[in-house]
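In my numbering, the protein residues as written are 91 to 158.
We treat Cβ as the ideally placed atom computed from N, Cα and C, and that holds for glycine.
Source: prediction; values computed, not measured.
Here the structure is laid out as structure tokens; the discussion comes afterwards.
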């Protein structure tokens with residue numbers, strides 16, 4: 091997956107790289123960085139707003155997983 095993202099980024103196809111990061115690898119941080127690198131500021135802001143609204147939802151709860 092990362093080689094595909096690196097290939098897209100090297101070709102300055104940052105929006106497509108961000109889509110792969112956000113949709114398939116669920117890497118929000120790197121996806122937003124890719125969007126900003128490609129000057130897609132409004133989309134980067136939208137992603138951040140959606141994530142923050144999800145995290146601030148009253149029914150959201152982090153359930154710990156066993157690391158055993």
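Check                                                                                                                                         : Outcome
State the DSSP-derived secondary structure class of residue 131, mapped to helix, strand or coil.                                             : helix
Between the beta-carbon of residue 130 and the beta-carbon of residue 121, is there less than 7 Å?                                            : no
With DSSP as the reference, label residue 109 as helix, strand or coil.                                                                       : helix
Can you give the beta carbon distance from residue 110 to residue 98, rounded, assuming they're within the 8 Å contact cut?                   : 7 Å
From the DSSP output, in three-state form, read off residue 103 for me.                                                                       : coil
What is the C-beta distance between residue 128 and residue 104, in whole angstroms, given that I count them as a contact (C-beta under 8 Å)? : 3 Å
Secondary structure at residue 151, three-state DSSP: helix, strand or coil?                                                                  : coil
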